[in-house]
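Numbering (mature numbering (1 follows the signal peptide of the UniProt record, and there is no 0)), first residue to last: -23 to -1, 1 to 517.
Written as structure tokens, this is what we have:
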């Protein structure tokens, strides 16, 4: 399928999902009632396929492996031939079963510079395994390399580095970090910050929020604290203040976090901000084990990392939320979706699903940044996920509030369905404002600090003062954290009107891999807050 025909397919799917309600913003559509596997982990690849997987020994899922791969003896801990991973084809709206041989429960991942999914760790025999998945269209499947990691990585986080390698941080009982592949750093490196944030056996330091800062140091947030780590020399170069109130924000008191859009990329000291939202008050997890579900946190904390005296600014959300997912949108907003109003992360540990997502507008004045959206169809609690698609929709899946697949006689059944949320920038009333990219073509290669001419059309009345070109990294999302999430607003020159509703804008690509680690990104043109369908670009 050509790039242009794929875009047409995506737009056709999008047009069928516009059921705009009047009460609030955004619309929902169930795209698959039976995706087969609950989406505990999700990653979009450059072939517009989403790799979805859950725990490998969960019991029988709702999709079976082909007979050629049906050999339970090859998969320890299973007695059936059901799949625990699928490939979701966005354009065709279909799933294909994939074969996983070791347990990927609560693992992590990223996409390397070649576009290949690198999935790390898991539980038990899977905890030191690295698995890879190619973005192919001819029936590829998982490849597994046992013993590729030095430590057991269960509930760890991953960040792609300027070298193209990834840093893997933390995990259960792992107060350390390592790299993959081990081209530059081949050791296991102690990180006492992770043990310091382990509260008396309540591991509020799992799935730490990690972001590559614009000075090539690693921002790491766990529990209620954060540091800036010189990962090359294993030195803490800055310790940030504790979040006001002192309540934990990372697993199992699970909030979420986002690295806000990077602008003014030519500046010497780029403003970098982190937003952390939701979580659970101290003691909530222990109380949830006894069936006492404490109201979740209703606050967000935002901080500028590069300030001389960084300080958290606290804001109040429209509702309390634990286990929410935070997804950057191409217009710069942050979507906060999924989760519960009470409890903590874990089996049977939450109640009061929060169905209505919230938009966070970073550039609005303090006190006017939140906007409640139309409610979702389904409760998405523990092990739910959300990722941005190339057409601007957000794919939402998952929810395993129980230890195994459990569809009956429970308050919150396991969800194997997939829904999409279409922000109001996809409403039918603004489709004539939507740009369409003519060039660069999808999968084009670009270099650092280069001029890139972007040609696009707008069928409606164009306001050229309100055009932006942005790059966005596709995320690996699990447990309320979108790893490697990054948005860059490119510096642009004068926009030329080429006639026939066609325009060209020169933009400058990011100046180094510190700003944009090498690999594949979405390239969006955004007009009056309405994004195009993105083209993939490859920066290296």
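Quick reminder that beta carbons are idealized off the backbone N, C-alpha and C, glycines included.
Among the options, whose alpha-carbon lies nearest the alpha-carbon of residue i?
i: residue 469; options: 492, 444 and 460; result: 444
i: residue 160; options: 144, 153 and 461; result: 144
i: residue 243; options: 486, 312 and 510; result: 486
i: residue 492; options: 463, 473 and 502; result: 463
i: residue 96; options: 290, 86, 102 and 105; result: 86
i: residue 519; options: 297, 502, 128 and 215; result: Only positions -23 to 517 of the chain appear in this structure, which leaves residue 519 out of reach.
i: residue 296; options: 282, 317, 113 and 285; result: 317
i: residue 239; options: 324, 465, 254 and 314; result: 465
i: residue 477; options: 455, 458, 219 and 437; result: 437
i: residue 278; options: 269, 471 and 220; result: 220
i: residue 282; options: 192, 268, 110 and 349; result: 192
i: residue 178; options: 336, 260 and 69; result: 260
i: residue 320; options: 201, 265 and 369; result: 265
i: residue 152; options: 135, 174 and 137; result: 174
i: residue 304; options: 232, 35 and 1; result: 232
i: residue 158; options: 276, 167, 125 and 184; result: 125
i: residue 427; options: 489, 181 and 284; result: 489
i: residue 275; options: 269, 450, 225 and 236; result: 225
i: residue 292; options: 425, 346 and 249; result: 346
Counting only the same chain and skipping the five closest in sequence on each side, list residues whose C-beta sits under 6 Å from that of residue i.
i: residue 420; result: 513
i: residue 497; result: 23, 92, 513 and 515
i: residue 72; result: 12, 13, 63 and 65
i: residue 467; result: 446 and 484
i: residue 58; result: 41, 42 and 47
i: residue 257; result: 230, 273, 299 and 321
i: residue 203; result: 217
i: residue 370; result: 397 and 399
i: residue 110; result: 28, 94 and 119
i: residue 473; result: 481
Any idea which residues DSSP pairs residue i with across the strands?
i: residue 118; result: Paired residues: none, contrary to the question.
i: residue 74; result: 63
i: residue 143; result: 137 and 157
i: residue 213; result: 206
i: residue 515; result: 422 and 497
i: residue 474; result: 480
i: residue 363; result: 373
i: residue 183; result: 228
i: residue 108; result: 96 and 121
i: residue 2; result: 350
i: residue 490; result: The partner list for residue 490 (beta bridge, DSSP) is empty, contrary to what the question assumes.
i: residue 331; result: Note: residue 331 sits in no beta bridge, so no partner.
Ignore the nearest five residues each way along the sequence and tell me which others in residue i's own chain have a CB closer than 7 Å to its CB.
i: residue 367; result: -14, 25, 499, 510 and 511
i: residue 75; result: 60, 62, 63, 64, 118 and 119
i: residue 495; result: 90, 141, 516 and 517
i: residue 131; result: 83, 98, 99, 100, 104, 148 and 149
i: residue -3; result: For residue -3, the pLDDT reaches just 35, beneath the cut-off of 50, and the residue's location in the model is therefore unreliable, although a value from the coordinates is still provided. The answer, listed in chain order, is 4 and 351.
i: residue 433; result: 412, 413, 414, 415, 480, 502 and 509
i: residue -21; result: Because residue -21 carries a pLDDT of 43, less than 50, the predicted location of this residue cannot be relied on, and no value is offered for it.
i: residue 387; result: 379
i: residue 121; result: 78, 79, 106 and 108
i: residue 247; result: 191, 239 and 241
i: residue 234; result: 186, 198, 251, 252, 253, 303 and 458
i: residue 210; result: none
i: residue 308; result: 402, 503, 506 and 508
Using 10 angstroms around the beta-carbon of residue i, count the other beta-carbons present and answer buried if the total reaches 16, otherwise exposed.
i: residue 38; result: buried
i: residue 354; result: exposed
i: residue 343; result: exposed
i: residue 206; result: buried
i: residue 254; result: buried
i: residue 169; result: exposed
i: residue 33; result: buried
i: residue 461; result: buried
i: residue 267; result: exposed
i: residue 422; result: exposed
i: residue 405; result: exposed
i: residue 373; result: buried
i: residue 20; result: buried
i: residue 507; result: buried
i: residue 455; result: buried
Should residue i be listed as close to the ligand ZN, given that the test is whether its C-beta is under 7 Å from any heavy atom?
i: residue 338; result: Annotation note on the ligand ZN: not contained in the displayed structure, which lists no ligands.
Between which residues of its own chain and residue i is the CB-CB distance below 8 Å, once the five residues before and five after are set aside?
i: residue 324; result: 359, 378, 379 and 380
i: residue 384; result: 390 and 391
Task: Entirely enclosed beta strand (DSSP E) segments - the segment 298 to 322, minimum 3 residues - done: 302 to 305, 311 to 314 and 317 to 320
- [ ] Can you check the segment 374 to 423 for any beta strand (DSSP E) of at least 3 residues that lies completely inside it and give the ranges in chain order?
- [x] 395 to 399, 413 to 416 and 421 to 423
Task: Whole runs of the alpha helix (DSSP H) within the segment 225 to 300, excluding any shorter than 4 residues - done: 261 to 266
TODO: Go through the segment 430 to 475 residue by residue and report every complete run of the beta strand (DSSP E) that reaches 3 residues or more, in order.
DONE: 444 to 450, 453 to 455, 458 to 460 and 463 to 466
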